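Please read the structure below before turning to the comments.
2 protein chains.
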Amino acid sequence: MPSRDNWKVPFSGLSEPGLVTDLYELTMAQTYFQHGMSSRATFSLFIRSYPPNRGYFVAAGLEDVLRYLEEWRFPEESIDYLVSTRMFHGDFLEYLSGVRFTGDVWAMPEGRVFFSDEPVLEVSGPVVEAQAVESYVINQVNLQTMMATKASRCVRAGQGRPIVDFSLRRTQGVDAAMKVARCSYIAGFQATSNVMAGKAYGMPLAGTMAHSFVSSYEHEVDAFRAYAESFPDRAILLIDTYDTVAGARNAALVGNEMKARGRALDGVRLDSGDLESLSREVRAVLDDAELPDVRIVASGGLDELDVDNLVGRGAPIDAFGVGTKMGVSADAPWTDMAYKLVQYGCRPVLKLSTGKVSVPGEKQVFRLRDAAGSLAGDVIALRDEDEPSAGAEGLPPEPLLRKVMQGGRTMEEAPGLDEARELLCRDLEALDDGVMALRDPAVYPVHLSPRLDRLRVDMEVSLAAESADRVAAGGTPGPVCEARPCE
Amino acid sequence: MPSRDNWKVPFSGLSEPGLVTDLYELTMAQTYFQHGMSSRATFSLFIRSYPPNRGYFVAAGLEDVLRYLEEWRFPEESIDYLVSTRMFHGDFLEYLSGVRFTGDVWAMPEGRVFFSDEPVLEVSGPVVEAQAVESYVINQVNLQTMMATKASRCVRAGQGRPIVDFSLRRTQGVDAAMKVARCSYIAGFQATSNVMAGKAYGMPLAGTMAHSFVSSYEHEVDAFRAYAESFPDRAILLIDTYDTVAGARNAALVGNEMKARGRALDGVRLDSGDLESLSREVRAVLDDAELPDVRIVASGGLDELDVDNLVGRGAPIDAFGVGTKMGVSADAPWTDMAYKLVQYGCRPVLKLSTGKVSVPGEKQVFRLRDAAGSLAGDVIALRDEDEPSAGAEGLPPEPLLRKVMQGGRTMEEAPGLDEARELLCRDLEALDDGVMALRDPAVYPVHLSPRLDRLRVDMEVSLAAESADRVAAGGTPGPVCEARPCE
Chain A
1 MPSRDNWKVP FSGLSEPGLV TDLYELTMAQ TYFQHGMSSR ATFSLFIRSY
51 PPNRGYFVAA GLEDVLRYLE EWRFPEESID YLVSTRMFHG DFLEYLSGVR
101 FTGDVWAMPE GRVFFSDEPV LEVSGPVVEA QAVESYVINQ VNLQTMMATK
151 ASRCVRAGQG RPIVDFSLRR TQGVDAAMKV ARCSYIAGFQ ATSNVMAGKA
201 YGMPLAGTMA HSFVSSYEHE VDAFRAYAES FPDRAILLID TYDTVAGARN
251 AALVGNEMKA RGRALDGVRL DSGDLESLSR EVRAVLDDAE LPDVRIVASG
301 GLDELDVDNL VGRGAPIDAF GVGTKMGVSA DAPWTDMAYK LVQYGCRPVL
351 KLSTGKVSVP GEKQVFRLRD AAGSLAGDVI ALRDEDEPSA GAEGLPPEPL
401 LRKVMQGGRT MEEAPGLDEA RELLCRDLEA LDDGVMALRD PAVYPVHLSP
451 RLDRLRVDME VSLAAESADR VAAGGTPGPV CEARPCE
Chain B
1 MPSRDNWKVP FSGLSEPGLV TDLYELTMAQ TYFQHGMSSR ATFSLFIRSY
51 PPNRGYFVAA GLEDVLRYLE EWRFPEESID YLVSTRMFHG DFLEYLSGVR
101 FTGDVWAMPE GRVFFSDEPV LEVSGPVVEA QAVESYVINQ VNLQTMMATK
151 ASRCVRAGQG RPIVDFSLRR TQGVDAAMKV ARCSYIAGFQ ATSNVMAGKA
201 YGMPLAGTMA HSFVSSYEHE VDAFRAYAES FPDRAILLID TYDTVAGARN
251 AALVGNEMKA RGRALDGVRL DSGDLESLSR EVRAVLDDAE LPDVRIVASG
301 GLDELDVDNL VGRGAPIDAF GVGTKMGVSA DAPWTDMAYK LVQYGCRPVL
351 KLSTGKVSVP GEKQVFRLRD AAGSLAGDVI ALRDEDEPSA GAEGLPPEPL
401 LRKVMQGGRT MEEAPGLDEA RELLCRDLEA LDDGVMALRD PAVYPVHLSP
451 RLDRLRVDME VSLAAESADR VAAGGTPGPV CEARPCE
């Protein structure tokens with residue numbers, strides 16, 4: 001079981017965290033530095049739109065972000081490399097060599113459900129620092145949120161049947177493999193096959209055998225016997241190497257041999273073919289052999305829609321292993337997650353780029369509930385607004401963003417993976433079934449508070465007008481924000 | 001430029017390489033160990049089928065596989081963890097604590113083009129070793145081959161225009177970000193925005209500025225001026241934060257100010273909207289301002305089909321930045337790559353699972369060419385076969401798999417990334433245009449040698465018959481292979 005201690009995994013081997021960034025973060029930083037721009041900036045992290053068939057997201061990745069911000073620096077070998085590029089000035093590199101992250105982070109706890117346009121995390125700090133950590137922050141929260149969301153769909157499809165992560169071999173790299181395992185546990189998976197994830201996150205492990213094991217013996221039944229001898233209490237036999245039903249008969253033979261020795265075969269695994277009809281045939285073979293407790297595990301290119309179909313048709317499958325398609329979120333392998341400047345110094349800011357309009361200001365997200373406790377809609381507000389009033393019978397609105405880092409220091413012990421799993425479970429219990437539908441989900445209501453909406457509209461109008469004016473006027477430089485005192 | 005020294009990147013931070021594996025690799029290993037099965041096994045790594053719109057693959061990932069095999073071990077903390085799972089016997093863990101990879105590897109060099117069903121790599125060694133490294137070997141070769149293939153499509157779409165990797169923020173984790181940058185260079189990209197990849201692989205870096213930089217100034221033109229001052233020789237200004245054409249006018253203003261100081265604006269970047277029409281409008285603004293040398297760089301959710309469309313319609317775009325959709329291979333985020341046992345001891349083996357039939361025996365792949373040097377088809381043969389005869393006018397067939405590791409030792413200095421890039425370039429020059437088509441590519445001819453085909457058919461027939469017999473006969477155990485002397 002995940003323990004509090006194990007969960008704080010050592011920051012994942014990035015010995016030069018500052019360099020895990022896009023070049024432009026550093027060129028912009030040098031420009032800010034050289035022009036004395038060091039105002040506090042706030043960046044908001046959110047997903048612009050739902051990928052196909054998604055109606056909600058599961059927050060994940062915060063823990064890695066906090067570790068990164070704590071560790072963020074440019075050791076000597078990083079500085080030496082930057083010198084070698086001949087792009088940077090000595091005084092800027094001198095500054096970089098001593099820089100640490102000194103800002104604040106507000107975030108939703110891992111495991112919370114959130115929706116498009118809602119900030120899941122906001123980073124504030126001197127603009128150079130808050131800007132330069134962008135690439136890693138997006139990378140991790142995008143990856144982990146996407147994977148927790150995908151895994152959560154698999155759990156829903158299983159309707160209570162155990163789901164196991166088999167994705168290590170085809171995730172997009174080792175970092176992804178670790179994070180997929182982690183997020184699948186938050187989402188409610190029973191176990192992972194990834195041994196390193198088992199160690200790092202304290203997750204339960206699961207595994208059966210490969211086709212190669214079966215074919216390394218001349219006869220399938222010998223492979224089954226050898227494995228059952230080595231693992232008398234947890235043998236799951238892979239029965240589709242040659243012919244699934246014949247394999248089931250061999251497994252039944254070995255199962256009864258185990259029974260005679262006072263042991264019990266745990267299960268058989270199907271990994272190919274028509275899983276619905278094969279599972280029925282195999283169940284019949286096992287039942288005929290008086291082995292009703294031997295479980296049937298299915299795997300082989302499954303995603304949540306396959307699991308949903310099999311469960312829906314009543315296939316006698318007791319557990320599912322999901323690998324590749326879950327582990328790369330194959331139907332939606334990226335989200336449109338953005339990290340946007342929303343406040344600089346005293347001034348809320350936004351961009352108007354086609355299709356990428358952002359909402360200005362530091363924010364809070366309030367969650368409304370009806371009298372029964374079901375989620376009734378979210379309100380995105382400015383951070384300093386009062387909470388919206390609850391409906392006549394509703395419970396008080398819940399603010400979702402919490403201050404988790406102040407002045408570069410994490411404010412409280414990270415909750416365990418089990419706590420995140422529990423948070424998700426509770427949020428999903430209160431969420432409308434339609435929003436969780438695996439296909440064509442309903443849209444959960446998310447609104448801007450009246451004050452935030454007014455700010456956004458006013459700024460869009462004035463910026464559009466100003467942009468036109470300025471060009472017409474020949475681009476006379478205006479004062480930078482630094483020149484204007486706050487309040 | 002990539003140097004030989006920089007390329008041998010330190011093995012990517014896996015301090016416990018043995019645990020980066022699926023649990024079943026270790027449970028099978030214990031079974032082999034306890035039953036004294038230590039024959040030499042050969043596993044073949046290949047891709048079963050083409051993802052949509054793919055007609056070839058680019059070999060990549062070998063270098064990381066070789067480093068992994070050299071480093072593969074179970075340090076004390078790994079053994080301690082395995083003890084804690086209570087799944088393993090003391091004598092097996094004792095063996096694991098001292099195990100090293102002592103086998104051989106045959107592989108295609110990185111950068112070679114290959115096709116479905118062809119082994120791109122074969123691992124031979126004591127069965128426990130060759131089996132237990134499976135998960136990482138598949139993970140890395142699948143990831144890197146997929147990414148090199150995707151990037152190669154982007155280069156083709158660009159028709160000579162520079163392509164730059166902007167994917168770091170939305171790759172599936174940091175390992176993927178590094179490998180995507182690496183593979184994009186093999187594929188012919190000009191540069192990456194990923195600073196750590198620049199350092200690790202000696203790749204050229206590229207970068208511009210973010211919308212947040214522009215909006216941190218009250219006026220767009222001030223942001224442009226500040227950046228141009230800080231980077232007078234390599235400024236590329238992002239012009240779509242508010243209004244692209246107005247932004248182009250601001251950029252032209254700053255470009256002419258730079259000109260007056262004896263400097264030159266390098267380019268402008270478009271990141272949203274209708275890139276074809278905007279690029280024409282922006283080109284006109286820049287030309288009218290007598291800035292014909294200022295380049296237009298386009299980015300913003302582009303994949304190879306978008307690039308192909310823009311280039312095909314003659315949009316005046318000089319370079320492309322490709323990010324998310326390239327960096328996750330969005331249209332094909334996984335391949336059906338498998339690592340299959342093909343020989344155990346003296347005996348070729350195969351599996352018959354529905355849709356997953358494998359081809360037995362240790363292999364070689366021969367490439368045929370016509371008189372002009374163009375690729376004319378590949379032949380998959382047994383490793384000990386003579387090379388197939390060349391056509392009447394053809395060049396001699398070229399064996400593609402080379403022995404790169406023997407007894408756990410890498411046999412030669414790794415070629416540089418530039419060499420892989422050059423290999424790919426030459427293979428693609430000799431490959432039929434139809435096979436490289438971005439949509440609905442033609443199928444490149446790949447055949448089994450007559451001897452290999454005969455072996456496969458014979459084995460399928462006899463295995464199917466035997467499987468049926470054995471079950472009918474009540475599963476009498478047959479001798480394991482160890483009991484049968486080779487030759």
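Going line by line, the protein sequences match chains A and B. If you're matching positions, the first sequence starts at 1 in this note's numbering and goes up one per residue. If you're matching positions, the second sequence starts at 1 in this note's numbering and goes up one per residue. Glycine is no exception: its CB is placed at the ideal position from the N, C-alpha and C atoms. Just so you know, these numbers come straight off a predicted model, no measurement behind them.
Item to complete: Using beta-carbon positions only, say whether LYS500 (chain B) and LEU19 (chain A) come within less than 8 Å of one another.
Response: Within the shown structure, residues of chain B are numbered from 1 to 487, placing residue 500 (chain B) beyond reach of any answer.
Item to complete: State buried or exposed for SER49 (chain B), treating a residue as buried only when at least 16 other CB atoms are found within 10 Å of its CB.
Response: One-based indexing of the second sequence puts residue 49 (chain B) at position 49. That one is exposed.
Discussion item. Please tell me whether ILE317 (chain B) has its Cβ less than 8 Å away from any Cβ of chain A.
Written reply: If you number the second sequence from 1, residue 317 (chain B) lands on position 317. Not one chain A Cβ lies under 8 Å of ILE317 (chain B).
Fill in: Candidates A:VAL221, A:GLU134 and A:ARG225: closest to LEU168 (chain B) by CA position
To locate residue 168 (chain B), count along the second sequence from 1; it is residue 168. The residue with the shortest Cα to Cα distance from LEU168 (chain B) is A:GLU134.
Practice prompt. Under 6 Å Cβ to Cβ from LEU69 (chain A), same chain only, skipping five residues before and after it: list those, please.
Written response: Counting from one through the first sequence, the residue named residue 69 (chain A) turns up at place 69. Cβ within range, chain order: PHE101.
Worksheet item: Roughly how many angstroms lie between the CA atoms of MET209 (chain B) and ILE79 (chain A), to the nearest whole one?
Response: One-based indexing of the second sequence puts residue 209 (chain B) at position 209. One-based indexing of the first sequence puts residue 79 (chain A) at position 79. Going by the C-alpha atoms only, they are around 21 Å apart.
Worksheet item: Interface residues of chain B around LEU123 (chain A) at Cβ under 7 Å?
Response: On the first sequence, residue 123 (chain A) is found 123 positions in, with the first residue counted as 1. Leu is not the amino acid found at residue 123 (chain A); the sequence shown has Val there. Neighbours of VAL123 (chain A) on chain B: none; closest Cβ ~11 Å, over 7 Å.
Fill in: Sequence-distant residues of its chain with Cβ nearer than 7 Å to THR171 (chain A) (five each side left out)
Locating residue 171 (chain A) in the first sequence gives position 171, counting from the first residue. Its chain contains ALA177, VAL180, GLY327 and VAL328 as the residues whose beta carbon lies nearer than 7 Å to that of THR171 (chain A), once the 5 sequence neighbours on both sides are disregarded; these appear in chain order.
Item to complete: Report the three-state DSSP secondary structure of TYR185 (chain B) (helix, strand or coil).
Response: Translated into the one-based positions of the second sequence, residue 185 (chain B) becomes position 185. Correct three-state label for TYR185 (chain B): helix.
Worksheet item: Are ALA298 (chain B) and LEU286 (chain B) touching if we call contact CB-CB under 8 Å?
Response: Position 298 of the second sequence holds residue 298 (chain B). Position 286 of the second sequence holds residue 286 (chain B). The answer is no: Cβ separation not under 8 Å.
Worksheet item: Of all the residues that make up the region 19-35 of chain A, which are near chain B by a beta-carbon distance shorter than 9 Å?
Response: LEU19, VAL20, THR21, ASP22, LEU23, TYR24, GLU25, LEU26, THR27, MET28, GLN30, THR31, TYR32, PHE33, GLN34 and HIS35
Worksheet entry | Option in B:SER116, B:ARG439 and B:PHE320 with minimal Cα separation from THR335 (chain B) | Position 335 of the second sequence holds residue 335 (chain B). With distances taken between Cα atoms, THR335 (chain B) lies closest to B:SER116.
Fill in: Distance, VAL404 (chain B) Cα to SER44 (chain A) Cα
Position 44 of the first sequence, counting from 1, holds the residue named residue 44 (chain A). Position 404 of the second sequence, counting from 1, holds the residue named residue 404 (chain B). Using only the alpha carbons, I get a separation of about 49 Å.
Worksheet item: Straight-line CA distance for ASN194 (chain A) to ALA338 (chain B)?
Response: Working through the first sequence from its first residue, we reach residue 194 (chain A) at position 194. Working through the second sequence from its first residue, we reach residue 338 (chain B) at position 338. Our two residues, ASN194 (chain A) and ALA338 (chain B), have alpha carbons roughly 17 Å apart in a direct line.
Item to complete: Figure out for me which residue from A:ARG421, A:ASP432, A:GLY312 and A:LEU121 has the closest Cα to the Cα of GLU362 (chain A).
Response: One-based indexing of the first sequence puts residue 362 (chain A) at position 362. Looking at the Cα atoms, A:LEU121 is the closest of the given residues.
Item to complete: Please look up how many angstroms separate the CB atoms of TYR32 (chain A) and LEU431 (chain A), rounded, as I've assumed it's under 8 Å.
Response: Reading the first sequence from its first residue, position 32 is the one you call residue 32 (chain A). Reading the first sequence from its first residue, position 431 is the one you call residue 431 (chain A). No, TYR32 (chain A) and LEU431 (chain A) are not in contact; Cβ-Cβ is about 42 Å, not under 8 Å.
Discussion item. By alpha-carbon positions, which one of A:LEU401, A:PRO360 and A:VAL379 ends up nearest to SER216 (chain B)?
Written reply: Here residue 216 (chain B) refers to the residue found at position 216 of the second sequence. When only C-alpha atoms are compared, the closest one is A:PRO360.
Discussion item. My output table needs one value for ASP306 (chain A): the three-state DSSP class, helix, strand or coil.
Written reply: As a position in the first sequence, residue 306 (chain A) is number 306, starting the count at 1. Helix, per DSSP.
Discussion item. On the criterion of 16 or more Cβ atoms from any shown chain inside 10 Å, does GLU304 (chain A) qualify as buried, or is it exposed?
Written reply: The count along the first sequence starts at 1 and reaches residue 304 (chain A) at position 304. With 16 or more neighbouring CB atoms inside 10 Å of its own CB, GLU304 (chain A) falls in the buried class.
Worksheet item: If you drop the 5 nearest sequence neighbours on each side, which residues of the same chain put their C-beta closer than 8 Å to that of LEU382 (chain A)?
Response: Here the question's residue 382 (chain A) lines up with position 382 in the first sequence. Taken in chain order, the residues that qualify are GLY361, GLU362, LYS363, GLN364, SER449, ARG451, LEU452 and LEU455.
Worksheet item: For PHE231 (chain A), which three-state DSSP category applies?
Response: Taking the first sequence and counting its residues from 1, one reaches residue 231 (chain A) at position 231. Three-state result, PHE231 (chain A): coil.
Worksheet item: Among B:ARG369, B:VAL127, B:VAL294 and B:GLY262, which one has its Cα closest to the Cα of LEU26 (chain B)?
Response: Numbered from its first residue, the second sequence carries residue 26 (chain B) at position 26. Nearest option by C-alpha distance: B:VAL127.
Worksheet item: Under the rule that 16 or more other beta-carbon atoms within 10 Å means buried, what is ALA260 (chain A), buried or exposed?
Response: Translated into positions along the first sequence, residue 260 (chain A) becomes position 260. It is exposed - the Cβ of ALA260 (chain A) has fewer than 16 other Cβ atoms within 10 Å.
Worksheet item: Just to confirm, are LEU143 (chain B) and ALA107 (chain B) a CB contact at a threshold of 8 Å?
Response: Numbered from its first residue, the second sequence carries residue 143 (chain B) at position 143. Numbered from its first residue, the second sequence carries residue 107 (chain B) at position 107. Taking 8 Å as the Cβ cut-off, LEU143 (chain B) and ALA107 (chain B) do not qualify as a contacting pair.
Discussion item. When you compare the CB of SER279 (chain A) with every CB in chain B, is at least one pair closer than 8 Å?
Written reply: Sequence index remark: in the first sequence, residue 279 (chain A) carries index 279 (1-based). So, not an interface residue.
Worksheet item: Closest Cβ-Cβ distance between LEU14 (chain B) and chain A: below 8 Å?
Response: By one-based count along the second sequence, residue 14 (chain B) stands at place 14. Yes, LEU14 (chain B) lies at the interface with chain A (some Cβ there is under 8 Å from its Cβ).
Fill in: Which of helix, strand or coil DSSP assigns to PRO388 (chain A)
Taking the first residue of the first sequence as 1, we reach residue 388 (chain A) at position 388. Three-state DSSP puts PRO388 (chain A) in coil, outside helix and strand.
Worksheet item: Which chain B residues sit within Cβ distance under 9 Å of GLN131 (chain A)?
Response: Translated into positions along the first sequence, residue 131 (chain A) becomes position 131. What GLN131 (chain A) touches in chain B: ALA210, SER212, PHE213 and SER216.
Worksheet item: Taking the alpha carbon of THR21 (chain A) as the point to measure from, which residue in A:PHE74, A:ARG40, A:PRO51 and A:VAL58 has its own alpha carbon closest?
Response: What you label residue 21 (chain A) is simply residue 21 of the first sequence in a count that begins at 1. Answer by Cα proximity: A:PHE74.
Worksheet item: What are the start and end residues of the beta strand (DSSP E) that includes ASP336 (chain A)?
Response: Looking up residue 336 (chain A) in the first sequence gives position 336. Looking at the DSSP string, ASP336 (chain A) is not in any beta strand (DSSP E), and its letter there is neither H nor E.
Discussion item. Strictly below 8 Å CB to CB, what residues from chain A border MET459 (chain B)?
Written reply: Along the second sequence, read from residue 1 onward, the residue named residue 459 (chain B) stands at position 459. What MET459 (chain B) touches in chain A: nothing, since even the nearest Cβ is about 11 Å away.
Worksheet item: Is the Cβ-Cβ distance between VAL58 (chain A) and LEU401 (chain A) less than 8 Å?
Response: Stepping through the first sequence from its first residue, residue 58 (chain A) is reached at position 58. Stepping through the first sequence from its first residue, residue 401 (chain A) is reached at position 401. No, the Cβ-Cβ distance between VAL58 (chain A) and LEU401 (chain A) is not below 8 Å.
Fill in: CB contact check: ALA284 (chain B) to chain A, cutoff 8 Å
Translated into the one-based positions of the second sequence, residue 284 (chain B) becomes position 284. At least 8 Å separates the CB of ALA284 (chain B) from every CB of chain A.
Practice prompt. Indicate the three-state DSSP secondary structure (helix, strand or coil) for HIS219 (chain A) in the structure shown.
Written response: Here residue 219 (chain A) is taken as the residue at index 219 of the first sequence, counted from 1. Three-state DSSP puts HIS219 (chain A) in coil, outside helix and strand.
Worksheet item: Given a limit of 7 Å on CB to CB distance, which residues of the region 92-122 of chain A reach chain B?
Response: none
Discussion item. Could you check whether ILE186 (chain B) and ARG502 (chain B) sit closer than 8 Å to each other, using their CB atoms as the reference points?
Written reply: Limits of chain B in this structure are 1 at one end and 487 at the other, which puts residue 502 (chain B) out of reach.
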